[in-house]
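Enquirer:
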Amino acid sequence: MAGVSRSDAWFDPSDPGFLIDPYPHFASLRALGPVHAHPQLGPVAVTHAACSELLRGRDLGRIWVDAEPAADFPAFNLLHRNSLLEREGPTHARLRALVAGAFNRGHTARLEPWVRTVADGLVARLAERIRDEGSADLIADVAAALPVEVIAELLGVPEPGRSALRGWSNAIVTMYEPDPGAERRAAAERAAAEFVAELRELTAYRRAHPGDDLVTGLLAADLDADELVGTAALLLMAGHEATVNVIGNGTLALLHHPDQWKRLVSDPGLDATAVEELIRFDPPLQLFERTAIVDTAVAGFPVPAGTKVAALLGAAAHDPQAFDGPDVLDVGRTRNPHLGFGLGAHYCLGAPLARLEVAATLDALRRHLPDLQLAAEPPRRPDFVMRGLRELRVTA
Ligand code: HEM
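Just so we're aligned, residue 117 is where the sequence shown starts under the numbering used here, counting upward by one.
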């Protein structure tokens, strides 16, 4: 790109202006090369090819380092140290196989009618609220409610843990932002401690009262007590955080492009490609890090052993080398090799469930609210890595 300098392209991940539309900044960075040393984030891969190489790289891994001072973060560190997402090699392979086994035993296919019924009920209530009150918040009433309900049901989490789950998870994931600050770090540890206590109780209960749920399935597998808690916590958090934001960011994208919403309303056959396109167009997870296990390189950029390097998935998602017309929202896009679910060893285990939840929501919105519109421009969450909306007020 002519005339772009590195300082034009640098972005401040906490700048609200940047968060509204980060994609032009990413385009400037891609034009300068595949990997850059960002002043705040360190080396970042910004092209689709470089992010793919990074995520597939055998010399790079997710190497967990405890939050410091470790004495202040016992529960937060326990959850992550024992999460399969944070492990590599044989431990990762063993935990992943166990979870995949418990997860894949027909759970998603069996759940489909129930997920569609829950989505239908939530969207019907949203439509009723719009009729009664003029507008309603699609995030609270649908985008957050559905994934939390589904993952809590899958893991057999009873009330009151179910309603506390979103608050705990939201507090914990702010630690993944570049600079969360002392207050949010303390809140993350408090949430993690309550979450660990709840999960210890849940696993003890399921040991005594086995059910048809994933926690019971994991209890039958060869996991120690902390691995069980770490795995259940990962599933509960990963099982809803991103899905909430795909439904939120995706609905906003459709309402900003009413021609695409109309296309989807008139053609249910487009649901599958629309789900992939919404994940690509405004990804809910913008960045993932890896650490070099040995001296290595990504797209020719040297990465010494022990150095962190990030895949900027938001930039990869709009790379013209990988997508035709990447800044166009096209719900019928067929060639769509997006990296929204990751790639390689840590590829998302919940992708089939996430696809089902988003498709069920689009279908329910089409049937109950074909004239859906924005009631106001929505406020964003102030976070960069977990990209989402605080509220999405809609009308019809
Ligand atoms: C649209 C929604 C979702 C998106 C965009 C998404 C995205 C991702 C991504 C990008 C990764 C890889 C992270 C990395 O490479 O460092 C991942 C991993 C994972 N996801 Fe998802 N996810 C979604 C929904 C779900 C759901 C519904 C579940 C579970 C029910 C889930 C469970 C997991 C697990 C367990 C991993 C870790 C896999 C491993 O480390 O081997 N995800 N997800």
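Cβ coordinates follow ideal geometry from the N, Cα and C atoms, glycine included. Here the structure is a predicted model, which means the values were calculated and not measured.
1. Spatial neighbours of leucine 242 within its chain, please: CB distance less than 8 Å, with the 5 preceding and 5 following residues excluded, ordered by chain position.
2. Which residue wins for smallest C-alpha separation from alanine 408, given the options Pro400, Ala143, Thr163, Gly158?
3. Which term fits threonine 347, buried or exposed, when burial requires 16 or more other beta carbons within 10 angstroms of its beta carbon?
4. Kindly identify the DSSP beta-bridge partner or partners of lysine 378.
5. For histidine 152, does the three-state DSSP call read helix, strand or coil?
6. If you draw a straight line from the C-alpha of histidine 208 to the C-alpha of proline 155, how long is it?
7. In three-state terms, what does DSSP make of leucine 194?
8. Return the bridge partner residues of arginine 509 from the DSSP annotation.
9. At a cut of 8 Å, does the segment 187–207 reach the segment 436–444 through at least three beta carbon pairs?
10. Indicate whether valine 231 and glutamate 392 have their beta-carbon atoms separated by less than 8 Å.
11. Quick check: the segment 195–214 against the segment 442–456, are at least 3 beta-carbon pairs closer than 8 Å?
12. Determine the closest residue to threonine 367 out of Gly149, Ala421, Tyr292, Leu445, with distance taken between C-alpha atoms.
13. Does asparagine 220 pass the burial test, meaning 16 or more other C-beta atoms within 10 Å, or should it be called exposed?
14. In terms of residue numbering, what span does the beta strand (DSSP E) encompassing arginine 282 cover?
15. Please indicate yes or no: does the CB of leucine 350 lie closer than 7 Å to some heavy atom of the ligand HEM?
16. Please list the terminal residues of the continuous beta strand (DSSP E) segment that includes leucine 428.
17. Are the beta-carbon atoms belonging to alanine 183 and methionine 291 less than 8 Å from one another?
18. Just checking isoleucine 409 against the ligand HEM - is the residue's beta carbon closer than 7 Å to any of the ligand's heavy atoms?
19. Name the one or two DSSP bridge partners that threonine 332 has.
20. Mind checking whether alanine 320 and arginine 146 have CB atoms under 8 Å apart?
21. Pick helix, strand or coil for arginine 245, following the three-state DSSP scheme.
22. Which two residues bound the contiguous alpha helix (DSSP H) that contains proline 159?
23. Say the cut is 7 Å; is the CB of arginine 212 nearer than that to a heavy atom of the ligand HEM?
24. Which residue's Cα is closest to the Cα of glycine 250: Arg506, Arg497, Ala492, Glu269?
25. Is the separation between the beta-carbon of valine 414 and that of valine 151 shorter than 8 Å?
Expert: So, from the data block:
1. Ala252, Leu254, Asp257, Val258, His484, Leu485, Val510
2. Gly158
3. That one is buried.
4. Lysine 378 is not bridged to any residue.
5. strand
6. 32 Å
7. helix
8. Asp253
9. no
10. Cβ distance not < 8 Å, so valine 231 and glutamate 392 don't count as in contact.
11. no
12. Leu445
13. exposed
14. Arginine 282: not part of any beta strand (DSSP E); member of the alpha helix (DSSP H) spanning 277–289, first to last residue.
15. yes
16. 424–428
17. yes
18. no
19. Threonine 332 is not bridged to any residue.
20. no
21. helix
22. Premise fails: proline 159 lies in the beta strand (DSSP E), 158–161, not in any alpha helix (DSSP H).
23. Yes, the beta carbon of arginine 212 sits closer than 7 Å to at least one heavy atom of the ligand HEM.
24. Ala492
25. yes
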